[in-house]
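Asks: First, the structure itself, so that you have it in front of you.
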Amino acid sequence: MQSSSKLFPVALMSAELRGDLSEDVYRLKPGNSPDFSVELAVTRLGLAGQEDVRGEPVILLHGSFSNRRFWYSPGGIGLAPYLARAGFDVWIAEMRGHGLSPRNLAYRHNSVADYARYDLPAIAAFVAEQNPLPAHWLGHSLGGLSLAAGLGGGYLPQAGIASLGLFGAALGRHWLLKVPPIEWSARLLLKRFPVLSGSRLKRGPEDEPVGIALETLRWQRLFGRFGDVERDWWAGLQQVTVPLLAVAGEGDVQCTPQACRGLFEQFAAPDREFLSLGRGQGFQQDYDHVQMLVSKPAQEEVWPRVRRWLEGERQAPRHEAQGQSGAAIPAVP
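Just so you know, we're using this note's numbering here: the sequence shown kicks off at 57 and counts up by one.
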């Protein structure tokens, strides 16, 4: 089968029409990591009959226990179709072992370091080959942390990025894990399992490799850091200047607004906005970790804000957009 790329083997797995949308699913085999069995599924959404019309590319990364359906339901609903209908060239990536991406040989040991060092650069290179315009990257939860790791580690070149959107992305502060015996016990317990079941844990439709959980423990332990053995990603974020939108949900107990702001503040981007979704800020509800992007109210008041950000319409960060009385300016859907 002829490759769809000159960079590395890429197979066009399917090309379908989904109502007013065209859906092309590619499977990339970049061969750039120690595990050469890694294959990555990337879905491109466009308007039916306008497949050759390409606006600015937007690359979407799902979070943990998830897949492309977080962005794009079988019925054609989601932020991805919304942006495709708005004229963007939308690409939905699925991390190794998730969704249409088959499980690699070393699946148990997959980590954010693998995503950042190997997978994101391959996805970026393939999308750039198909559409040379700078790409907007949007990541939810672990997808956002993977983007932060890729940029903080210098694996993902800033020159090819138009803007960055982080949704419910934060480094938690679990202080009990700073106590060595507790961290050791947690590590020993996790090592008994090859995967963490999303359905059993009621966290989502996908499993997660235990390598992700063990990596998180390394970040949280005493003297731990957000990075790998070679690079300090956290420190590297101070060199990242791409336009940044960070979104937090006031009802999110998994990645609280305070924790999301901590990650947001580490970036050096002069063009940036922090958006906290809650009634106190003029929104319909206090959004939780999933509702911020997957809910009827999000369709009405969050998606349009994201679209306007991508189109270049900026506003001052909410903590700066306050009058002398200290009252925040209400959000405008």
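Ideal Cβ placement from N, Cα and C applies to all residues, glycine included.
(1) Using 8 Å for Cβ pairs, my map puts SER120 next to HIS345. What's the rounded Cβ distance?
(2) Can you tell me whether DSSP reads GLY221 as helix, strand or coil?
(3) Under the assumption that GLU392 contacts GLN337 (Cβ atoms under 8 Å), give the Cβ distance between them as a whole number of angstroms.
(4) Quick check on this structure: which residue in LEU245, ALA169 and ALA180 has the alpha carbon closest to the alpha carbon of GLY216?
(5) Between SER122, GLU79 and ALA97, which lies nearest to LYS258 when the distance is taken from Cα to Cα?
(6) I'd like to confirm the pairing. Which residues does DSSP put opposite TRP359 in its beta bridges?
(7) Give a yes or no on whether the C-beta atoms belonging to ALA67 and ASP80 are separated by under 8 Å.
(8) If you draw a straight line from the C-alpha of LYS85 to the C-alpha of ARG159, how long is it?
(9) Does VAL66 get closer than 8 Å to chain B when you measure Cβ to Cβ?
(10) Do the region 290-299 and the region 260-269 touch if we need at least three Cβ pairs shorter than 8 Å?
(11) Would you kindly work out how many angstroms separate the C-alpha atoms of TRP289 and ARG277, rounded to a whole number?
(12) Using the Cβ count rule (16 or more neighbours within 10 Å means buried), how would you classify GLU369?
(13) Could you work out which residue in ARG152, ASP327, VAL183 and GLN214 is closest to GLU112 when comparing CA atoms only?
(14) Under three-state DSSP, which class holds HIS345?
(15) Cβ atoms of ALA291 and PHE330: under 8 Å apart, would you say?
(16) Work out the CA separation of ARG248 and SER241 for me, nearest whole Å.
(17) Could you tell me whether the Cβ atoms of ASP284 and ALA204 are closer together than 8 Å?
(18) Does DSSP put ASP91 in a helix, a strand or coil?
(19) Rank LEU201, GLY254 and GLY132 by C-alpha distance to the C-alpha of ARG74 and give the top, closest one.
(20) Determine the direct distance from the alpha carbon of GLY199 to that of MET151, and round the result to whole angstroms.
(21) Per DSSP, TRP275 forms a beta bridge with which residues?
(22) Does DSSP put VAL285 in a helix, a strand or coil?
(23) In angstroms with no decimal places, state the Cα-to-Cα distance between SER255 and LEU103.
(24) Taking the alpha-carbon of GLY260 as reference, which of VAL94, HIS154 and PHE92 has the nearest alpha-carbon?
(25) I'd like the span of the beta strand (DSSP E) that includes VAL331, first residue to last.
(26) Quick one: residues in its chain with C-beta nearer than 6 Å to the C-beta of GLY143, no 5 flanking neighbours on either side, listed in chain order?
(27) In whole angstroms, give me the CA-to-CA distance for GLU239 and VAL251.
(28) Please work out which residues of its chain come closer than 8 Å, Cβ to Cβ, to PRO389, disregarding the five sequence neighbours upstream and downstream, and give them in chain order.
(29) With a floor of 4 residues, list each alpha helix (DSSP H) that falls wholly inside the region 141-211, ordered by position along the chain.
(30) Quick check on GLU79: does DSSP put it in helix, strand or coil?
(31) Taking only three categories from DSSP, how would you classify GLU256?
(32) Hey, out of LEU77, PRO137 and VAL98, whose CA is closest to ASP108's CA?
Replies: Looking at the atomic coordinates:
(1) Sequence index remark: in the sequence shown, residue 120 carries index 64 (1-based). Sequence index remark: in the sequence shown, residue 345 carries index 289 (1-based). The Cβ separation is near 11 Å, so there is no contact.
(2) The sequence position of residue 221 within the sequence shown is 165, counting from 1. Three-state result, GLY221: strand.
(3) The structure shown does not extend to residue 392, since the chain spans only 57 to 389, so no value can be given for it.
(4) By 1-based counting over the sequence shown, the position of residue 216 is 160. Per the Cα distances, ALA180.
(5) Looking up residue 258 in the sequence shown gives position 202. Nearest C-alpha to LYS258: SER122.
(6) The sequence position of residue 359 within the sequence shown is 303, counting from 1. Per DSSP, none; premise fails for TRP359.
(7) What you label residue 67 is simply residue 11 of the sequence shown in a count that begins at 1. What you label residue 80 is simply residue 24 of the sequence shown in a count that begins at 1. Taking 8 Å as the Cβ cut-off, ALA67 and ASP80 do not qualify as a contacting pair.
(8) For the purposes of this step, residue 85 is taken as residue 29 along the sequence shown, with counting starting at 1. For the purposes of this step, residue 159 is taken as residue 103 along the sequence shown, with counting starting at 1. Spanning the two alpha carbons is a distance of roughly 13 Å.
(9) Included in the structure is just one protein chain, with no chain B present.
(10) no
(11) Within the sequence shown, numbered from 1, the residue matching residue 289 stands at position 233. Within the sequence shown, numbered from 1, the residue matching residue 277 stands at position 221. Their Cα atoms are separated by approximately 16 Å.
(12) What you label residue 369 is simply residue 313 of the sequence shown in a count that begins at 1. Its Cβ having fewer than 16 others within 10 Å, GLU369 is exposed.
(13) The residue given as residue 112 occupies position 56 in the sequence shown. Residue VAL183 is the option with its Cα nearest to GLU112.
(14) Within the sequence shown, numbered from 1, the residue matching residue 345 stands at position 289. Residue state, collapsed to three classes: coil.
(15) By one-based count along the sequence shown, residue 330 stands at place 274. By one-based count along the sequence shown, residue 291 stands at place 235. It is not a contact, given that the beta carbons lie outside the stated cut-off.
(16) Within the sequence shown, residue 241 is the residue found at index 185, counting from 1. Within the sequence shown, residue 248 is the residue found at index 192, counting from 1. Those two C-alpha atoms are separated by around 11 Å.
(17) Working through the sequence shown from its first residue, we reach residue 284 at position 228. Working through the sequence shown from its first residue, we reach residue 204 at position 148. No, Cβ-Cβ distance for ASP284 and ALA204 is not below 8 Å.
(18) Counted from its first residue, the sequence shown places residue 91 at position 35. Here ASP91 sits in coil by DSSP.
(19) Locating residue 74 in the sequence shown gives position 18, where the first residue counts as 1. Of LEU201, GLY254 and GLY132, the residue nearest in Cα terms is GLY132.
(20) Counting from 1 along the sequence shown, the entry for residue 151 is found at position 95. Counting from 1 along the sequence shown, the entry for residue 199 is found at position 143. The alpha-carbon atoms of MET151 and GLY199 are separated by roughly 9 Å.
(21) Against the sequence shown, residue 275 aligns to sequence position 219. In the DSSP output, where bridge partners are listed per residue, TRP275 has none listed.
(22) Taking the first residue of the sequence shown as position 1, residue 285 is located at position 229. In this structure, VAL285 counts as coil in the three-state DSSP scheme.
(23) In the sequence shown, residue 255 corresponds to position 199, counting from 1. In the sequence shown, residue 103 corresponds to position 47, counting from 1. Looking at the two C-alpha atoms, the distance is approximately 34 Å.
(24) For the purposes of this step, residue 260 is identified with residue 204 of the sequence shown, where counting begins at 1. Cα-wise, what sits closest to GLY260 is HIS154.
(25) Along the sequence shown, one-based indexing puts residue 331 at 275. Per the sequence shown, residue 331 should be read as Leu rather than Val. Its beta strand (DSSP E) spans residues 328-333.
(26) Taking the sequence shown and counting its residues from 1, one reaches residue 143 at position 87. GLY111, listed in sequence order.
(27) Here residue 239 refers to the residue found at position 183 of the sequence shown. Here residue 251 refers to the residue found at position 195 of the sequence shown. If I take the Cα positions, the gap works out to 19 Å.
(28) For the purposes of this step, residue 389 is identified with residue 333 of the sequence shown, where counting begins at 1. Residue confidence is low: PRO389 scores 31 on pLDDT, short of 50, so the model does not pin down where it sits. Its coordinate-derived value is still stated next. Same-chain partners within the cutoff: GLU356, GLU357, PRO360 and ARG361.
(29) 176-186 and 198-208
(30) Residue mapping note: residue 79 aligns to position 23 of the sequence shown, counting from 1. Of the three classes helix, strand and coil, the one that applies to GLU79 here is strand, per DSSP.
(31) In the sequence shown, the residue the question calls residue 256 occupies position 200. For the record, residue 256 in the displayed sequence is Arg; it is not Glu. It is coil, neither helix nor strand.
(32) For the purposes of this step, residue 108 is taken as the residue at position 52 of the sequence shown. Among LEU77, PRO137 and VAL98, the Cα nearest to that of ASP108 is on LEU77.
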